[in-house]
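Going by this note's numbering, the letters in the sequence shown line up with residues 458 to 540, in that order. We put the beta carbon where it would ideally sit given N, CA and C, even for glycine.
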Amino acid sequence: MNLYCWKGPVPEAYTAFDMVDHEHAWYTWAMLNLEMADGKIEAALDRVAALPDGWHKTKIEVYPAALAEAFLRQRLGETELAK
458 MNLYCWKGPV PEAYTAFDMV DHEHAWYTWA MLNLEMADGK IEAALDRVAA LPDGWHKTKI
518 EVYPAALAEA FLRQRLGETE LAK
């Protein structure tokens, strides 16, 4: 995470995050942030659609997948779908 915060969405950040257990909630959180920063909104939407039980849960935050999807749709300019 430090590398990503320091350098942004660089290939090394993807490599580092890929070493995290893909079933761990922090992996999803990290990849969502990385994909959004890198402009890979469709990839982030796919990741949100795969959230178990329709919720994103980590130690520091909990939110419904629908909220994350609305935010991503807004980033794509799809404001009607974001409502």
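For H513, the closest alpha carbon among the candidates I498, R530, Q531, N490 is that of N490.
DSSP, reduced to helix, strand and coil, places K514 within a strand of the structure shown.
Here V519 is bridged, per DSSP, to K514.
Excluding sequence positions up to five before and after A500, its CB lies within less than 6 Å of the CB of E492, all in the same chain and listed in chain order. Cβ atoms of L502 and L529 come within 8 Å of each other, at about 5 Å.
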